[in-house]
Amino acid sequence: MEPEILKSGDDSGNKMVLKYTFPDGVVIHAIGVPQAWETPLGPTWSYVIEGDHLTLVDTGCNGTVQHLEEGLKVVGYPLSAVDRIVITHGHLDHDGNCLEVVNRSGAELWAHEVYSELLGINRWEMEMEWRQQTKGFPKAEEEEFIKRIYDHHRMSTQLNVNNAIQDGMVADGLTFHYTPGHSPDEICIQFEKILFSGDHILPLITPHPSVSLSYEKFQDILPEEYRTENKYYGLKVFFQSLKKVEGLGDDITVLPAHRAVHRGKFNPIGLDRVGELLEHHRDRCYRLLELVKDEPINMNDITHNLFAGNRLDEVNFYLAYSEVISHIEFLEECGDVEMVGEKNRLVKSHGTDKFSAAMDRM
Ligand SMILES: [Zn+2]
Numbered sequence: 632m633e634p635e636i637l638k639s640g641d642d643s644g645n646k647m648v649l650k651y652t653f654p655d656g657v658v659i660h661a662i663g664v665p666q667a668w669e670t671p672l673g674p675t676w677s678y679v680i681e682g683d684h685l686t687l688v689d690t691g692c693n694g695t696v697q698h699l700e701e702g703l704k705v706v707g708y709p710l711s712a713v714d715r716i717v718i719t720h721g722h723l724d725h726d727g728n729c730l731e732v733v734n735r736s737g738a739e740l741w742a743h744e745v746y747s748e749l750l751g752i753n754r755w756e757m758e759m760e761w762r763q764q765t766k767g768f769p770k771a772e773e774e775e776f777i778k779r780i781y782d783h784h785r786m787s788t789q790l791n792v793n794n795a796i797q798d799g800m801v802a803d804g805l806t807f808h809y810t811p812g813h814s815p816d817e818i819c820i821q822f823e824k825i826l827f828s829g830d831h832i833l834p835l836i837t838p839h840p841s842v843s844l845s846y847e848k849f850q851d852i853l854p855e856e857y858r859t860e861n862k863y864y865g866l867k868v869f870f871q872s873l874k875k876v877e878g879l880g881d882d883i884t885v886l887p888a889h890r891a892v893h894r895g896k897f898n899p900i901g902l903d904r905v906g907e908l909l910e911h912h913r914d915r916c917y918r919l920l921e922l923v924k925d926e927p928i929n930m931n932d933i934t935h936n937l938f939a940g941n942r943l944d945e946v947n948f949y950l951a952y953s954e955v956i957s958h959i960e961f962l963e964e965c966g967d968v969e970m971v972g973e974k975n976r977l978v979k980s981h982g983t984d985k986f987s988a989a990m991d992r993m
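Going by the numbering used here, the first residue of the sequence shown is number 632, and it counts up by one from there.
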């Protein structure tokens with residue numbers, strides 16, 4: 632379904648305001664909130680749900696609140712009219728403007744209970760620490776990137792969640808589906824026949840999976856009932872969460888946080904996008920197994936090989952390397968590879984591809 636353009640923007644949708652009118656009469660507005668830095672990602676789409684309460688799904692990245700405000704004005708509201716913010720997950724391109732909106736509107740903040748628990752914790756530093764120790768992870772030094780992360784962290788220490796969401800919760804016509812994998816606090820929000828998917832399901836690009844090793848680091852900080860077994864981090868968890876929402880219905884429209892517009896085109900998706908995402912990862916696992924089939928290879932070389940076509944600057948290399956770890960963890964768990972050599976940093980093949988059947992069984 633193609634939306635109406637209320638305000639035009641660039642061909643990635645930056646600063647654009649869209650109006651979606653659904654067959655059942657439901658109207659949703661979307662605001663393309665640009666990132667605060669140069670990126671081919673395009674904007675974060677902030678969605679406006681009008682009902683008894685004016686609800687925003689995601690707010691965009693810190694430092695860009697004026698664009699959210701301008702977009703809202705086009706929809707017909709001042710920023711101060713926002714009653715409620717629902718955050719899909721705690722990454723800075725989603726909740727970065729939260730504090731500013733809360734301060735100026737008095738809006739309630741709704742987010743998953745894991746989000747709430749992780750507020751004020753410097754996740755970045757915790758992630759970096761173990762990655763460097765256990766995986767020889769390259770240390771990120773790009774100044775602007777680090778500054779953004781620390782600004783976001785400082786902002787998050789001042790936030791309070793008014794409604795800590797749990798899986799399956801229903802409130803005010805919204806149903807919340809807990810879908811960890813990209814992030815341990817990710818939720819998809821269902822409203823009528825619409826699923827606001829955050830970064831769980833995206834058109835054109837595949838969401839970046841988290842790493843299951845992170846669970847060891849964060850286990851003790853998560854809410855009590857999350858501390859026994861990892862069902863929150865890693866590729867396998869992401870697959871499970873994809874399959875969880877896949878069955879919500881053929882008639883569901885997915886409204887994603889990114890790439891709703893790309894190169895001047897709309898990219899409407901439904902839940903059949905889930906199958907494509909799963910196949911992308913299956914393919915990547917096969918390619919990875921192919922790379923290591925003759926001899927053990929280190930993860931650095933694997934990353935450069937798998938992402939050979941991409942421009943790997945520091946930040947992109949970090950993401951690519953991290954994604955390789957997620958895939959290796961999954962293959963390791965399925966018994967297709969093991970880690971060998973000094974500090975266990977070489978990936979050795981077992982000559983099997985049991986992972987593929989494991990994906991089908993989920
Ligand atoms: Zn995002």
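The C-beta atom is built at its ideal place from N, Cα and C for all residues, glycine as well.
beta-carbon residue i near ligand 1 non-hydrogen atom, thresh 7 Å
{"i": "Ala888", "result": "yes"}
{"i": "Asp984", "result": "no"}
{"i": "Thr788", "result": "no"}
{"i": "Asp816", "result": "no"}
{"i": "Asp830", "result": "yes"}
{"i": "His725", "result": "yes"}
{"i": "Thr837", "result": "no"}
{"i": "Thr690", "result": "no"}
{"i": "His722", "result": "yes"}
{"i": "Thr686", "result": "no"}
{"i": "Thr675", "result": "yes"}
With 16 other Cβ atoms within 10 Å as the buried cut-off, status of residue i
{"i": "Tyr781", "result": "exposed"}
{"i": "Val1037", "result": "Residue 1037 cannot be examined here, being either before or after the span of the chain that is shown, 632 to 993."}
{"i": "Asn728", "result": "buried"}
{"i": "Met618", "result": "Residue 618 falls outside the range modelled here, since the chain spans only 632 to 993, and no answer is possible."}
{"i": "Pro815", "result": "buried"}
{"i": "Ser843", "result": "buried"}
{"i": "Ile956", "result": "buried"}
{"i": "Glu817", "result": "buried"}
{"i": "Trp668", "result": "exposed"}
{"i": "Lys974", "result": "exposed"}
{"i": "Arg754", "result": "buried"}
{"i": "Thr670", "result": "exposed"}
Chain-order list of residues whose beta-carbon lies under 8 Å from that of residue i (same chain, five-residue window excluded)
{"i": "Arg735", "result": "Leu710, Ser711"}
{"i": "His994", "result": "Here the chain covers residues 632 to 993 and nothing more, so residue 994 does not appear."}
{"i": "Glu739", "result": "Asp714, Arg715, Ile716, Asn793, Asn794"}
Run of the beta strand (DSSP E) containing residue i, from where it starts to where it stops
{"i": "Lys650", "result": "648 to 652"}
{"i": "Arg715", "result": "715 to 717"}
{"i": "Leu685", "result": "685 to 688"}
{"i": "Trp809", "result": "Strictly speaking, residue 809 in this sequence is Tyr, with Trp absent from that position. Per DSSP, Tyr809 belongs to the beta strand (DSSP E) from 805 to 809."}
{"i": "Val658", "result": "658 to 664"}
{"i": "Pro887", "result": "884 to 887"}
{"i": "Met970", "result": "968 to 971"}
{"i": "Lys675", "result": "According to the sequence displayed, residue 675 carries Thr and not Lys. Run containing Thr675: 675 to 681, per the beta strand (DSSP E) assignment."}
{"i": "Glu635", "result": "635 to 638"}
Other residues of its chain near residue i: CB distance less than 7 Å, five sequence neighbours each side excluded
{"i": "Pro665", "result": "Asn645, Lys646, Pro674, Thr695, His698"}
Host alpha helix (DSSP H) of residue i (start-end)
{"i": "Thr934", "result": "930 to 937"}
{"i": "Ser987", "result": "985 to 992"}
{"i": "Gln871", "result": "866 to 877"}
{"i": "Gly908", "result": "The question names Gly, yet the displayed sequence has Leu at residue 908. Where Leu908 is concerned, the enclosing alpha helix (DSSP H) stretches over 904 to 923."}
{"i": "Tyr863", "result": "Taken as a continuous stretch (DSSP letters only), Tyr863 belongs to no alpha helix (DSSP H), as it is neither H nor E."}
{"i": "Ser957", "result": "945 to 964"}
Residues near residue i in its chain [Cβ-Cβ closer than 6 Å; skip 5 each side]
{"i": "Val905", "result": "Leu873, Glu877"}
{"i": "Val971", "result": "Pro927, Leu977, Lys979"}
{"i": "Tyr846", "result": "Asn861, Tyr864"}
{"i": "Gly691", "result": "Val664, Thr675, Ser677, Leu699, Asn728"}
Which runs of the alpha helix (DSSP H) at least 4 residues long sit entirely within the segment 688 to 755? Give them in chain order. Those alpha helix (DSSP H) runs which fall completely within the segment 688 to 755 and span 4+ residues are 696 to 706, 723 to 726, 729 to 736, 744 to 749.
Sequence ranges, beta strand (DSSP E) only - wholly within the segment 783 to 845, length at least 3: Runs of the beta strand (DSSP E) inside the segment 783 to 845: 794 to 796, 805 to 809, 818 to 822, 825 to 829.
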